[in-house]
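K.L.:
Here it is: the structure, laid out below.
Residue numbers (the numbering used here): 8 to 154.
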């Protein structure tokens, strides 16, 4: 018979327990704090990046560039092979909607690129967030059930 193998997450559990002990926060509260902060650090740059890209007109410029290049190529191929009739490309309304989609794509890419910073910031702020936000809320929610 072989000896029982340790659980594969045992090393993580002991490391997390050490962080919990060192920071003086309960482990579940610490994990919840990390999850909340990680989501906040994802949503904030996504919204900020979208409106920044929109204010700078990045999406419209990207869409306009791609549409212009596509129109040039389609026109050249259409004239060469006499295939499809050439009609003027995008209307202004479609350009704005496509621009907002491009702005979102830029903001999403920036948010994903910031992942290492977001994780580090979430890890750094989790103990304080746990002590100042999560634990007080937990105590208020649990107090009616205690005598």
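Cβ coordinates follow ideal geometry from the N, Cα and C atoms, glycine included.
On a predicted model such as this, the values are computed, not experimentally measured, just so you know.
#1: Buried or exposed, going by whether 16 or more other CB atoms sit within 10 Å of the CB of residue 37?
#2: Taking 8 Å as the limit between beta carbons, can you name the residues of its chain near residue 145, skipping five residues before and five after?
#3: Quick check on the burial criterion: 16 or more other C-beta atoms within 10 angstroms. Buried or exposed for residue 137?
#4: So, using beta-carbon positions, are residue 41 and residue 130 closer together than 8 Å?
#5: Quick one, which of 106, 20, 26 has its alpha-carbon nearest residue 134's?
#6: When the Cα of residue 56 is compared with those of 68, 119, 75, 72, which residue comes out closest?
#7: Under DSSP, the alpha helix (DSSP H) around residue 41 begins and ends at which residues?
#8: Over what stretch of residues does the alpha helix (DSSP H) that includes residue 143 continue unbroken?
#9: Roughly how many angstroms lie between the CA atoms of residue 73 and residue 46, to the nearest whole one?
#10: Spatial neighbours of residue 106 within its chain, please: C-beta separation below 7 Å, excluding the five flanking residues on both sides.
#11: Do residue 52 and residue 109 have their CB atoms nearer than 8 Å?
#12: Is the CB-CB distance between residue 18 and residue 60 below 8 Å?
#13: Please classify residue 39: is it buried, with 16 or more other beta-carbons within 10 angstroms of its beta-carbon, or exposed?
#14: When you compare only the Cα positions, how much space is there between residue 147 and residue 75?
#15: May I ask you to report which of helix, strand or coil DSSP gives residue 139?
P.N.:
Reading it off the structure:
#1: Here residue 37 is taken as the residue at index 30 of the chain shown, counted from 1. Buried, by the Cβ-count rule.
#2: Position 138 of the chain shown holds residue 145. Taken in chain order, the residues that qualify are 36.
#3: Against the chain shown, residue 137 aligns to sequence position 130. Classification for residue 137: buried.
#4: The residue you call residue 41 lines up with position 34 of the chain shown. The residue you call residue 130 lines up with position 123 of the chain shown. Cβ distance < 8 Å, so residue 41 and residue 130 count as in contact.
#5: Position 127 of the chain shown, counted from the start, is the residue given in the question as residue 134. When each option's Cα is compared against that of residue 134, the closest is 26.
#6: Here residue 56 is taken as the residue at index 49 of the chain shown, counted from 1. It is 119.
#7: Counted from its first residue, the chain shown places residue 41 at position 34. From DSSP, the alpha helix (DSSP H) with residue 41 extends over 34–63.
#8: Counting from one through the chain shown, the residue named residue 143 turns up at place 136. 142–149 is the span of the alpha helix (DSSP H), which, as asked, contains residue 143.
#9: Taking the chain shown and counting its residues from 1, the one referred to as residue 73 is at position 66. Taking the chain shown and counting its residues from 1, the one referred to as residue 46 is at position 39. One C-alpha to the other measures close to 33 Å.
#10: Position 99 of the chain shown, counting from 1, holds the residue named residue 106. Counting only Cβ-Cβ distances below 7 Å, and skipping sequence neighbours, we find 66, 67, 70.
#11: Position 45 of the chain shown holds residue 52. Position 102 of the chain shown holds residue 109. In this structure, residue 109 does not lie closer than 8 Å to residue 52 by Cβ.
#12: Counted from its first residue, the chain shown places residue 18 at position 11. Counted from its first residue, the chain shown places residue 60 at position 53. Going by C-beta atoms, residue 18 is not nearer than 8 Å to residue 60.
#13: In the chain shown, the residue the question calls residue 39 occupies position 32. Answer is buried; the Cβ neighbour count reaches 16.
#14: Start at 1 with the first residue of the chain shown, and residue 147 comes out as number 140. Start at 1 with the first residue of the chain shown, and residue 75 comes out as number 68. When rounded, the distance between both Cα atoms is 59 Å.
#15: In the chain shown, the residue the question calls residue 139 occupies position 132. The answer is helix: DSSP assigns residue 139 an H, G or I state.
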